[in-house]
Amino acid sequence: VAALGISHEPLLASISAAAIRTIRDLNSMELSSTAWAYAKLACLDRPLLDAISSAAITSMTDFKAQDLSNTAWSFATLGVKDCPLLHSIASAAIRTINASRSVNAQDLANTAWSFATLDVLHAPLLAAISSAALPSITAFRAQELANTSWAYSTLVCLNRPLMNSIAAAAIARITYCSPQELAATAWSFARLGVVNDPLFAAISSSAMPTLTAFRPQHLANTAWSFAKLAVEDPPLLAALSSAAMRTMSDFAAQELTNSAWAFATLQVEDRTLRAALSAESLRKITQMPPQGLAITASAFASWQFGDRPLLTAIASQAMRKLTECPLASTSDDPSQFTLSRVLNLVRALASAGLLEDGLFSAAAAALERYAGSLDGDLAPLERPSGPASGSLDEPRVLLAQPRLCVIWKPPGWTVSVSDDDTLAEEQAAYQSSGLGKPLQAWIEQAFGGRPIARDPGASHGLAQRLDRLTSGSLLWCSSYSGYFAARLHLAARRVRKAYCCLCLGRLPPGVRLLEDRLLVQVVRAEGGAPPSSMGRSRGQLARTEIAAVGHLASPEGAELSFVEVRIHTGLMHQIRSHLSGLGYPLVGDAMYGGSTPSWCTRMFLHARRLGIDIGDGPVDVEVPLPQDLAAALQQSAPLDRVARELSRRLPASERGPRRQDGE
C-alpha cells in the first residue's frame, strides 16, 4: 500500500492495532519496514511509533544497515525526535560501519539526513559516515551527495575532506542534478563557508538552462549561496533575477528575505527587481519573524533603495513584536528578537535615515527588560575601582558613570566584540603570537566583581573596539543595562566619535564625507598573526567625515596631512581603508601601504574624543595625544594655519590620560 502511495486510513488503523499487539514478534526488517510505510504515507501514528521504538531499542543488534537507515529516515520524515532510539541507532550504525568493508551509499546519506532533519548532532556517527563515504563517494548518486552535504552543513559539522570529495563527485554528476539538488548543494557549501569555485561554476552552468523549473525556495537558496561565498557570476544573477520576477508572488516571507539579502549583498543593480521584492515583502510583512524583519531592513538599507514604505512597515511591525515578546538569549528561534537582531534593525533604519523615536524607545525598553533579568539587583558603579596608573602603557578609567566608563586604551592592546568572529580570530592570533595584550583580561582583573566583566559573550562589557595599534578612548559598561544601552546608541548613530591621524601625501583640504563599501577579508601575515583588512568590491557601506585637514613637512621634507576625522559608521579599519583608498595611507600603517619612518614608531591614529548619553547624563571626553604621537608630530613642520591650529588644539599630556569623575 505504501509503495503504491495509497493511503487508506481504516486499513492503516487496523494494521497499527495489530502491529502494536504483536510488536515483540516483528523482526528488524519488519519493524523498519512498518515505520517506513507509515512515513511514506505521511501517517503519524504515535502509539505505533512508540511501540516500534521500544521494540527496536531492545533488538538493535539485529538491525542491518538498511534497517537502521530506514528507521531513522521514517522518524525524521514524520518529525518524531525520539532521542533514546536515535542514540541507539547511532551506536548500532557506528558498529555496522566499522565492521563492514562497504555500506550502501543511500543508507549512509539517509542516516546523515535523518539526524540532521531532527537536529541531533552525534559527532561519532558523523565521523563514521564520513570515513565510510570517502572511499566510496563515486558510488553516491546526485541526491545522496546533496543529502549528505546538506546534513553536515545543517549540523554545522565542517569536514573538509568529505566536502571536497562531495564537490568532485557532484561536478561529475552535475547534469543529473535536479533543481532541488543543485540548490541544496550550493546552500550546504555556503552554510559551512567552503569555497569551491569549480563546483559553483558547474552549478551555475547546470542551473542556467533549467531555472524555469526552479521553485522559489531553490531560486532564493541559490542566490543566497552565491552571495554568502561572494561568488561573482553576473549571468547567473541576471537569470536568477528574471526567474524570481516571474514567480515573485509565490515567494514565502523567508524566501523574500533570503533573496533581498543575496541581491543586496551582491549589489545587483536592477531597480525592477528591487521594486518587486519591496512590494512583495510589504504584502507579506506580517509573516516575517523578527529575524526576517532585521535581515530585510538591512538588505534594503544596504541596497540604498530608499524604500520608505517597506522600511516604515518593518519598523511598525518590529515595534509591536518588541512590545509583545521578551528578547531571547540565543538566535536558535527566528521568531524571537535577540540583541543582535535588535541592533541590526536599528542600524539599518538609522543608515536609511528612517529611525524614529518610537522604535528607538521600544528597542531601548525591550533591551532594558532583558538586562534586568541579567543584572538582577546589581548596584550601580559609584566610583571606578580599577587601577589608576598614569602610565601610557596601561589602561585606566578616564570617566565613570553608574552604568558606563570611558577607558584609556593604550596602543598594543587588543579589543574584540562578541558578535564579530573575524575580530575574535584576529585578537586570538595576536595574543598567541605575543603581538598584543587583551584588554578583556585587564577588565576582568580590574572589575571582576561585576558579572558582565567576566562574560565573554558580552565582550566583558566593552561596547566598541579600537585597532591594536590605535590609542584613545573606549566605552566599557559595568552592567548589562549599560552595555545594551551603549550598543543601541552606537547602532542608532547617537555616539560622537572623533579621531586624528597623520597621512602620507597632501590630502586636499575641506570638509567632506567619504562613502565606500568595505568588505572584511582575512589576510594571513608573517609571524602567524592574521590581521583583517578591507576589500572594496562589496560589503557594508561605511561613512567617514573629513572634518579638518592641515599640511606638514616631514623631517625628510615629504608632504604629510594631519587629519581630524569623525566616523558615522563603525566598520573595522574604516578610517585606514578610506584614506588609503584615496591614496593617503596613515603613517606607520604597513597593511594599507603606509611606511614606518624612524620618527614615528607606530601607526599614527588616535581616538581623541568620545561623546554619548545613555540616560545617566552626557559624556564628552577628549583625550590628548599620547607622548609618542605628540613627539612624532612635533618633528614635522606645519605648512598652513589649519595644521598649526590642530597642533595647538591637541596638546600632549605629560602625565598620560587624565581621570575625570563625571555624572
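Going by my numbering, the first residue of the sequence shown is number 22, and it counts up by one from there.
Yeah, the Cβ is synthetic: ideal placement off N, Cα and C, and Gly gets one too.
Residue i: CB within 7 Å of a non-hydrogen atom of the ligand ZN
| i | result |
| --- | --- |
| I44 | For the ligand ZN, the structure offers nothing, since it holds no ligand at all. |
Identity of the residues DSSP links to residue i by a beta bridge
| i | result |
| --- | --- |
| H627 | S492 and C521 |
| W434 | K458 |
| R587 | A519 and E566 |
| S582 | C524 and H572 |
| G536 | The sequence shown places Glu at residue 536, not Gly. R564. |
| I633 | V640 |
| W497 | C426 and L483 |
| L607 | C524 |
| P659 | L573 |
| R471 | None, per the DSSP bridge assignment. |
| V418 | I428 |
Pairwise C-alpha distance: residue j and residue i
| i | j | result |
| --- | --- | --- |
| L261 | M229 | 8 Å |
| L607 | E643 | 22 Å |
| R732 | L395 | Because the chain is modelled from 22 through 684, residue 732 falls outside the range shown and cannot be assessed. |
| L364 | A371 | 10 Å |
| L147 | T175 | 12 Å |
| G374 | L511 | 15 Å |
| L2 | A111 | Residue 2 lies beyond the stretch modelled for the chain, which goes from 22 to 684, so this question has no answer here. |
| A550 | I588 | The predicted model places A550 with a pLDDT of 41, which falls under 50 and marks its position as unreliable, so this point remains unresolved. |
| P105 | S356 | 29 Å |
| I36 | A97 | 21 Å |
| D353 | D140 | 11 Å |
| K342 | L348 | 10 Å |
| S246 | L220 | 12 Å |
| R515 | A507 | 9 Å |
| T1 | L331 | As displayed, the chain neither begins before 22 nor continues past 684, which places residue 1 out of reach and without an answer. |
| D476 | L483 | 10 Å |
| I44 | I115 | 25 Å |
| I633 | R194 | 58 Å |
| T317 | S109 | 42 Å |
| D188 | S90 | For clarity, residue 188 is Ala in the given sequence; the question names Asp instead. Rounded to the nearest angstrom, the two C-alpha atoms are 24 Å apart. |
| D128 | A60 | 16 Å |
| E51 | A222 | 45 Å |
Among the options, the one whose alpha carbon lies nearest that of residue i
| i | options | result |
| --- | --- | --- |
| D254 | W171, Q288, Q275 and Q595 | Q288 |
| L496 | L395, A628, A93 and P530 | A628 |
| F210 | A130, L166 and D634 | L166 |
| L581 | S53, L573 and I588 | L573 |
| W134 | V177, P105, D414 and E566 | V177 |
| A513 | S492, L380, Y501 and S226 | L380 |
| L425 | S437, K102, P401 and E415 | P401 |
| E465 | R486, F625, S499 and S494 | S499 |
| G214 | A474, D661 and W171 | W171 |
| D398 | I41, P472, F358 and I78 | P472 |
| R390 | A248, P647 and Y501 | Y501 |
| L277 | A259, F321, L250 and V252 | F321 |
| S657 | L523, R630 and G560 | L523 |
| A387 | F505, W282, N119 and D328 | F505 |
| W620 | V418, D88, A653 and V124 | A653 |
| A77 | L65, G100, C64 and I41 | I41 |
Burial state of residue i, where buried means 16 or more other Cβ atoms lie within 10 Å
| i | result |
| --- | --- |
| D442 | With a pLDDT of 39 at D442, under the threshold of 50, the modelled position of that residue is not reliable, and the figure given next carries that caveat. The residue is exposed, with fewer than 16 neighbouring Cβ atoms inside 10 Å. |
| A144 | exposed |
| Y197 | exposed |
| L667 | buried |
| A24 | exposed |
| R545 | Low confidence applies to R545: its pLDDT is 40, below 50, so where it sits in the model is not reliable, and the reading given next is rough at best. So R545 counts as exposed. |
| M266 | exposed |
| R181 | exposed |
| L509 | buried |
| E585 | buried |
| A34 | exposed |
| G393 | exposed |
| K102 | exposed |
| I428 | buried |
| D414 | exposed |
| H481 | buried |
| V532 | exposed |
| T286 | buried |
| A38 | exposed |
Item to check | Contained alpha helix (DSSP H) runs [length at least 4] in the segment 101–130, N- to C-terminal order | outcome: Whole alpha helix (DSSP H) segments, 4+ residues: 104–120.
Item to check | Segments of 3+ residues assigned as beta strand (DSSP E) that fall wholly inside the segment 75–100 | outcome: Runs found: none.
Checklist entry - In chain order, which alpha helix (DSSP H) runs of at least 4 residues are fully inside the segment 321–405? => result DSSP runs (the alpha helix (DSSP H)) wholly in the segment 321–405: 329–345, 360–372 and 378–396.
Checklist entry - For the segment 219–258, which segments carrying the alpha helix (DSSP H) assignment without a break, of at least 4 residues, lie completely within its bounds, in sequence order? => result Taken in chain order, the unbroken stretches of alpha helix (DSSP H) that lie wholly in the segment 219–258 and span 4 residues or more are 237–249.
Checklist entry - Hey, which unbroken runs of the alpha helix (DSSP H) at 4 residues or more fall wholly within the segment 258–298? => result The segment 258–298 contains these whole alpha helix (DSSP H) runs: 274–286.
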